[in-house]
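Numbering (this note's numbering), first residue to last: 259 to 693.
The block underneath contains the structure these notes are about, expressed in structure tokens.
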Ligand SMILES: [Fe+2]
């Protein structure tokens with residue numbers, strides 16, 4: 259489905275609601291995404307070589323990634339890891355990932371576009387020399403991801419041999435994982451107990467460049483033990499989301515955590531030709547900050563944390579705020595925001611597209627006014643800005659993707675047992691308060 263067709267569907271029909279998993283999602287999670295090894299043409303997607311080259315460009319004389327611990331001093335490894343994570347955002351790598359998603363992940367994982375892809379890839383280096391630095395067992399849900407998100411794990415070294423077990427990742431099938439997590443929650447297992455219980459039931463992911471593991475947010479996985487192979491493991495992992503289930507992504511909301519990817523190579527090319535942001539942002543107007551807690555998504559986000567994000571964004575983009583205005587508590591009709599948009603001739607830096615009116619008609623009217631006035635709206639959490647009609651479409655795409663204002667749960671809440679437990683607790687105390 260194209261993004262336009264998808265948006266129309268969200269507007270016209272009642273989207274699948276954030277409730278328990280629907281039948282097709284359950285089928286997908288228990289089949290293609292249940293810790294399945296999938297292959298891809300390594301010559302078309304040479305991620306491993308690209309990463310090796312980046313390490314070499316940092317000045318290390320490295321022949322193969324397995325030997326990284328020999329060449330890169332241990333103290334510098336963390337810096338190298340962080341640099342590699344940042345490098346995965348370079349246009350060239352990004353386009354290779356997007357192509358990989360379109361040509362491999364979507365068809366093999368039987369996903370339905372539109373698709374959003376994690377913004378910052380995780381590159382991980384597991385040294386054989388640091389027994390204290392390994393990942394304990396966990397699931398995506400326990401890390402705040404939503405049930406509909408999908409994970410991919412790509413090792414850039416060969417960990418298919420049995421003796422490579424401790425430098426690979428360990429994983430447990432989805433059905434058993436669900437039972438074990440319930441057990442761990444009910445019995446309040448500590449980390450060491452979980453390591454023991456999960457360790458016994460997990461198996462080694464056997465993959466190498468040209469293959470990868472597709473898994474769900476419910477599969478228990480992790481290193482679970484120190485790497486004792488004497489060789490380094492370098493891998494990359496990231497997540498994907500389908501628009502179909504855009505409101506089932508827990509705390510990792512679209513646009514902030516993930517990007518909608520271009521649907522074609524031509525689209526990629528066109529986007530690459532756009533003028534630089536600093537130029538577009540410089541329109542001669544003063545800049546104002548806006549914070550508030552007036553939508554269901556921003557209600558629990560403290561304004562001082564919003565402000566930190568606004569400051570960080572402004573610094574990065576060379577903006578200075580001349581005034582900060584705050585929306586009025588208890589006034590869900592956003593009088594401050596409306597006032598700024600309708601009556602001030604400024605640009606506005608605000609926390610999120612999810613701080614806009616939840617009613618679609620109101621929201622569209624507001625965005626249209628801003629655009630017509632030539633007022634730039636900056637959305638910090640999503641790193642989006644409204645500067646043109648094309649930006650307006652992009653913003654609408656993200657709002658449709660996450661079903662803003664249409665989903666039963668506010669955007670950014672995980673649908674976990676913990677959320678349920680809290681809702682029950684709150685609704686009981688609310689009932690008491692009403693009486
Ligand atoms: Fe993980």
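For glycine and all other residues, C-beta sits at the position ideal for the given N, C-alpha and C.
Small disclaimer: the values here were computed from a predicted structure and weren't measured.
Taking the alpha carbon of residue i as the reference point, which residue from the options has its own alpha carbon closest?
i, options, result
"residue 638", "648, 338, 572", "572"
"residue 603", "523, 560, 544", "544"
"residue 585", "569, 560, 402", "560"
"residue 607", "644, 620, 587", "644"
"residue 508", "445, 617, 403, 424", "403"
"residue 491", "308, 382, 352, 378", "382"
"residue 657", "611, 378, 693, 284", "611"
"residue 355", "617, 302, 668", "302"
"residue 548", "283, 353, 569, 677", "569"
"residue 323", "406, 667, 306", "306"
"residue 374", "640, 682, 685", "640"
"residue 619", "591, 532, 646, 678", "591"
"residue 297", "471, 454, 674, 533", "471"
"residue 663", "504, 294, 347, 496", "504"
"residue 481", "312, 461, 683, 467", "461"
"residue 636", "289, 563, 538, 488", "538"
"residue 264", "679, 651, 689, 667", "651"
I think residue i touches residue j, with their Cβ atoms under 8 Å apart; what is that distance to the nearest whole Å?
i, j, result
"residue 452", "residue 442", "6 Å"
"residue 476", "residue 429", "Not confirmed; about 11 Å, so no contact."
"residue 567", "residue 515", "Actually they do not touch by this definition, with Cβ atoms about 14 Å apart."
"residue 494", "residue 380", "7 Å"
"residue 435", "residue 397", "6 Å"
"residue 498", "residue 359", "6 Å"
"residue 408", "residue 291", "5 Å"
"residue 580", "residue 624", "With a Cβ gap of about 21 Å, residue 580 and residue 624 do not count as contacting."
"residue 386", "residue 288", "With 8 Å as the limit, residue 386 and residue 288 do not qualify as a contact, their Cβ atoms being about 35 Å apart."
Measure the C-alpha to C-alpha separation of residue i and residue j and round it to an integer number of angstroms.
i, j, result
"residue 540", "residue 628", "16 Å"
"residue 536", "residue 576", "8 Å"
"residue 632", "residue 613", "20 Å"
"residue 277", "residue 391", "Because residue 277 sits at a pLDDT of 47, beneath the cut-off of 50, its placement in the model cannot be relied upon, and the following sentence gives the value as read from the coordinates. Spanning the two alpha carbons is a distance of roughly 37 Å."
"residue 310", "residue 326", "9 Å"
"residue 349", "residue 615", "33 Å"
"residue 660", "residue 555", "12 Å"
"residue 320", "residue 421", "23 Å"
"residue 262", "residue 521", "11 Å"
"residue 337", "residue 484", "21 Å"
"residue 268", "residue 518", "16 Å"
"residue 500", "residue 506", "10 Å"
"residue 315", "residue 389", "28 Å"
"residue 399", "residue 317", "39 Å"
"residue 670", "residue 412", "27 Å"
"residue 330", "residue 511", "36 Å"
"residue 280", "residue 524", "34 Å"
"residue 574", "residue 463", "40 Å"
"residue 583", "residue 553", "16 Å"
"residue 370", "residue 363", "11 Å"
"residue 456", "residue 376", "27 Å"
"residue 596", "residue 440", "46 Å"
"residue 621", "residue 468", "45 Å"
"residue 692", "residue 665", "26 Å"
Identify the residues that DSSP records as bridge partners of residue i: which are they?
i, result
"residue 473", "409"
"residue 497", "409"
"residue 571", "None, per the DSSP bridge assignment."
"residue 548", "583, 608"
"residue 223", "Given a span of 259 to 693 for the chain in the structure shown, any question on residue 223 remains unanswerable."
"residue 384", "491"
"residue 632", "DSSP lists no partner for residue 632."
"residue 375", "498, 517"
"residue 462", "428"
Confirm the yes/no value for this check: CB of residue i, any heavy atom of ligand 1, distance under 7 Å.
i, result
"residue 396", "yes"
"residue 479", "yes"
Beta-carbon of residue i versus every beta-carbon of chain B: anything under 8 Å?
i, result
"residue 515", "In the structure shown, chain B does not exist; there is a single protein chain."
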